[in-house]
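Q: So the sequences go chain by chain: F and G.
So the first sequence is numbered by the working numbering: it starts at 44 and just counts up by one.
So the second sequence is numbered by the working numbering: it starts at 44 and just counts up by one.
From the three backbone atoms N, C-alpha and C, an ideal C-beta is built for every residue, glycine too.
Here the structure is a predicted model, which means the values were calculated and not measured.
Provided herewith is a single structure, encoded as structure tokens, for subsequent inquiry.
Protein chains: 2
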Amino acid sequence: MFLALAMFDINDVREAQRRIAPYVHRTPVLQSKLLDELAGAQLFFKCENFQKAGAFKARGATNAVQLLSPEGLSRGVATHSSGNHGAALAWAASARDATAYIVVPNNAKQVKKDAISAYGAEIIECEPTLQARESRLQQTVKETGATFVPPYDDERVIAGQGTTALEMLDQVESLDAALVPVGGGGLLAGCLLGFYGSNVETYGVEPEGADDAYRSMASGKRIKAHSPETICDGLLTTLGECNFPIIRDRVADILLVSDQEVIQAMYLLWTRLKIAVEPSSAITLAGLLRHKELFAGKRVSLVLTGGNVDLKHLPFNQIT
Amino acid sequence: MFLALAMFDINDVREAQRRIAPYVHRTPVLQSKLLDELAGAQLFFKCENFQKAGAFKARGATNAVQLLSPEGLSRGVATHSSGNHGAALAWAASARDATAYIVVPNNAKQVKKDAISAYGAEIIECEPTLQARESRLQQTVKETGATFVPPYDDERVIAGQGTTALEMLDQVESLDAALVPVGGGGLLAGCLLGFYGSNVETYGVEPEGADDAYRSMASGKRIKAHSPETICDGLLTTLGECNFPIIRDRVADILLVSDQEVIQAMYLLWTRLKIAVEPSSAITLAGLLRHKELFAGKRVSLVLTGGNVDLKHLPFNQIT
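See the structure below:
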């Protein structure tokens, strides 16, 4: 176990990059003069909302699928997910003509279920509790022989998500800092590995209503007690076991923001960049605007993690 | 007059391209496998929603501003506009430290007025009639000595908008056809000039509720009687005098679509491409989906003209 952890580093991220490059997008980096002025810094928005299946999750899912043997592929992959990871795994499996079994809580948003079925996956509904999700998944894996691909607590997945950092280093010269949303910590841990050897100060940003990473950093122990309440529906989970030590040892800090700040930031991104991003993406701009002093005059990359948003229920009537 | 018209051609568009290149974006072209499947054609979306000031109008406005003498620049520019042309001219003037006077009907959407003032222009409100707009503009020009830059009925403006076509030819190999929204006809006439010498069949797309270009083509005469009623608030005007003969002689056809088709197309663009576009932009995809037989198997460019949309009043609750 120690050996495996010790060997998990930037080289895994580099290998993941070679492995997934034929399948995923090298997403663009957008800039806005007006947002730069507002922030007092130079902002580079890494647009994973343009990624395959609409979110960065396609990176980790593809890395995991590509690592399967032909025999493993023939039995398919499985996961439980209320959102982007489910769609990403469905898409990654379909790219290799493999079957994906996605266990989805029966209260998941229709837009996310539609995305999953659009890629030809088999949706298995269950009660909206972690226990029901896990037992339904176990049962599915047993019945089908499919390989479980976890949403974040997994080295293959973390390495895949970390390719986002390698691209940012390549696309933005002299990058000083990066802001990355944190839920389970797959993207943040991956980016921290990917930024190894650079001078990029990397911050996680988390909703006040789902602040387990913040509390885990403060206490030095991974906090699992958690009753999340936030508009950021991609950031409801607690830090994974693999993810926590990487984040604890390398992150500059975890920044907290309110849902109201997220909605204001989302409105700014939609109106100034003309792109559709989820609340869980806009949180990076919200974090920067709340903590401007940390980034004054710097060149800062902000990961916009996804764009799978329910257009019939947008929060913009709350904008003042 | 005859001489001037006879000399207005693709060379003016090429000169405009050299003139505006340092100021405007070369906007990206996006693709979507799912939309290709839906259309039965290969679609290339030219994203002018990412253009400076959020719409293609920055091209024509910049060309007109760059053609001013230093003395003309010092007196500023003026126009009347309820929308994107006003913001574009305000932006183009600010890029040369010139003053822009924008006459705006007092019922214009706040989001469009905000865009105009964000670029430092002077907003002059008037009653929402064409007569009031024109007389208020005349008065402003008289008082300030500013140069009037019309929204579409102007060779400098048409040549600027036509640079969109030159970029599409450059960005998409073996382009077969293009769809361009038509209101006053600045963009459509410009693109028809820009496509000269290519094999690109160019279609204008117009709302059923503002179908003056369709009726003008049918009758061979420029129709001015018009009571527009459509969600496409960028396409309310009738064809300009300069614009009509170019369109009459060169366009493949004018396609009509309903507002409901526009809203469905807009929803598809937002959810599949993850971008914010106006109804007046989405009309090109609506036109293609209504007339699939014209484009089957072809390589088709669709101009998405702008992204300045009021996020608090989106039409997606009408989606079935």
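Does the beta-carbon of HIS123(F) have 16 or more other beta-carbons within 10 angstroms, so that it is buried, or is it exposed?
A: With 16 or more other Cβ atoms within 10 Å, it is buried.
Q: Taking any Cβ of chain G, which residues in the region 304 to 318 of chain F have a Cβ under 7 Å from it, in chain order?
A: The region 304 to 318 of chain F vs chain G, Cβ under 7 Å: TYR310, TRP313, THR314, LYS317, ILE318.
Q: Use the C-beta contact count for PRO288(F): other C-beta atoms within 10 angstroms, 16 or more gives buried, fewer gives exposed.
A: Burial call: exposed.
Q: How far does the alpha helix (DSSP H) with TYR257(G) in it reach, from first residue to last?
A: Segment 255 to 262, the alpha helix (DSSP H) holding TYR257(G).
Q: Using a C-beta to C-beta distance shorter than 8 Å, which residues of chain G count as neighbours of LYS36(F)?
A: Here chain F covers residues 44 to 363 and nothing more, so residue 36(F) does not appear.
Q: By the DSSP assignment, the alpha helix (DSSP H) with LEU222(F) in it spans what residues?
A: Premise fails: LEU222(F) lies in the beta strand (DSSP E), 220 to 224, not in any alpha helix (DSSP H).
Q: Alpha carbon to alpha carbon, how far is LEU218(F) from VAL243(F)? Give it in angstroms, no decimals.
A: The alpha-carbon atoms of VAL243(F) and LEU218(F) are separated by roughly 6 Å.
Q: As a quick exercise: from GLU177(F), PRO148(F), ILE306(F), pick the residue whose alpha carbon is nearest that of THR273(F).
A: The shortest C-alpha separation from THR273(F) is found at ILE306(F).
Q: Mapping DSSP to helix, strand and coil, what is GLN94(F)?
A: Correct three-state label for GLN94(F): coil.
Q: Just checking my contact of GLY330(F) with ALA98(F) at CB under 8 Å: how many whole Å lie between their CB atoms?
A: 19 Å between Cβ atoms; not a contact.
Q: Below 8 Å on the Cβ atoms is my contact criterion, and I expect ALA339(G) with ALA84(G) to pass it. Report the Cβ-Cβ distance as a whole number of Å.
A: Contact holds; Cβ gap of about 6 Å.
Q: Taking CB distances under 9 Å as the criterion, tell me whether LEU443(G) reaches chain F.
A: Here chain G comprises residues numbered 44 to 363, so residue 443(G) is not present and cannot be evaluated.
Q: I'd like to know if ALA366(F) contacts chain G, where contact means its C-beta is closer than 9 Å to some C-beta of that chain.
A: Absent from the structure is residue 366(F), since the part of chain F shown begins at 44 and ends at 363.
Q: Measure the alpha-carbon distance for LEU235(F) versus CYS90(F) and round it to whole angstroms.
A: Going from the Cα of LEU235(F) to the Cα of CYS90(F) covers about 18 Å.
Q: Taking the beta carbon of THR281(F) as the centre, do at least 16 other beta carbons fall within 10 Å, making it buried, or is it exposed?
A: Buried, since its Cβ has 16 or more Cβ neighbours within 10 Å.
Q: Is there at least one non-hydrogen atom of the ligand MN closer than 8 Å to the beta-carbon of GLN204(G)?
A: As presented, the structure is devoid of all ligands, the ligand MN included, so that no description of it is given.
Q: Going along chain F, which residues have a C-beta under 9 Å from LEU277(G)?
A: For the sequence presented, residue 277(G) should be read as Gly rather than Leu. What GLY277(G) touches in chain F: nothing, since even the nearest Cβ is about 15 Å away.
Q: For the 8 Å Cβ check, are there 3 or more pairs between the region 55 to 62 of chain G and the region 110 to 125 of chain F?
A: Because the criterion of three Cβ pairs below 8 Å is not met, the region 55 to 62 of chain G and the region 110 to 125 of chain F do not touch.
Q: Enumerate in chain order the residues of its own chain whose CB-to-CB distance from ASP296(G) is below 7 Å, with the five nearest sequence positions on each side excluded.
A: The answer, listed in chain order, is TYR246.
Q: Taking the straight line between their C-alpha atoms, what separation do you get for VAL184(F) and ASP52(F)?
A: C-alpha separation (whole angstroms): 29 Å.
Q: When burial is assigned at 16 or more other CB atoms within 10 Å of the CB, is ASP254(F) buried or exposed?
A: Classification of ASP254(F): buried, given that the 10 Å Cβ count is 16 or more.
Q: Is the Cβ of GLY97(F) closer than 9 Å to any Cβ of chain G?
A: So yes, GLY97(F) belongs to the interface.
Q: So who's on the other strand from VAL146(F), going by DSSP bridges?
A: HIS123(F), ILE167(F), per the DSSP bridge assignment.
Q: Do ARG118(F) and VAL146(F) have their beta-carbon atoms positioned less than 9 Å apart in this structure?
A: It is not a contact, given that the beta carbons lie outside the stated cut-off.
Q: For GLY350(G), return the contacting residues in chain F, with the cut-off set at a CB-CB distance below 7 Å.
A: Result: LYS317.
Q: With three or more C-beta pairs closer than 8 Å as the rule, is the region 178 to 193 of chain F touching the region 150 to 160 of chain F?
A: No: the two stretches stay apart, fewer than three of their Cβ pairs being nearer than 8 Å.
Q: Going by DSSP, which residues form a beta bridge with GLY349(G)?
A: GLY349(G) pairs with ALA98(G).
Q: Could you compute how far the alpha carbon of PHE88(F) sits from the alpha carbon of LEU209(F)?
A: Cα to Cα, the separation comes out at about 14 Å.
Q: Quick one: Cα of VAL225(G) to Cα of VAL56(G), how far?
A: Each residue's alpha carbon lies about 18 Å from the other.
Q: Do ASP302(G) and GLY252(G) have their C-beta atoms within less than 9 Å of each other?
A: In this structure, GLY252(G) lies closer than 9 Å to ASP302(G) by Cβ.
Q: Does LYS100(G) pass the burial test, meaning 16 or more other C-beta atoms within 10 Å, or should it be called exposed?
A: LYS100(G) is buried by the Cβ-count criterion.
Q: In whole angstroms, what separates the C-alpha of PRO250(F) from that of LYS267(F)?
A: Their backbone Cα atoms lie some 16 Å apart in a straight line.
Q: Where does the unbroken alpha helix (DSSP H) through TYR195(F) begin, and where does it stop?
A: Here TYR195(F) belongs to no alpha helix (DSSP H), and DSSP marks it neither H nor E.
Q: Suppose contacts are defined by Cβ-Cβ distances below 9 Å. Is LEU164(F) in contact with ALA133(F) by that definition?
A: Sequence check: residue 164(F) is Ala here, not Leu. Yes; because the gap between Cβ atoms is below 9 Å, this pair is in contact.
Q: Beta carbons nearer than 7 Å to chain F: which residues of the region 78 to 106 of chain G have them?
A: Within the region 78 to 106 of chain G, the residues whose Cβ lies closer than 7 Å to some Cβ of chain F are ASN92, PHE93, GLY97, listed in chain order.
Q: Give the DSSP-derived three-state secondary structure of GLY247(G) in the structure shown.
A: The answer is strand: DSSP assigns GLY247(G) an E or B state.
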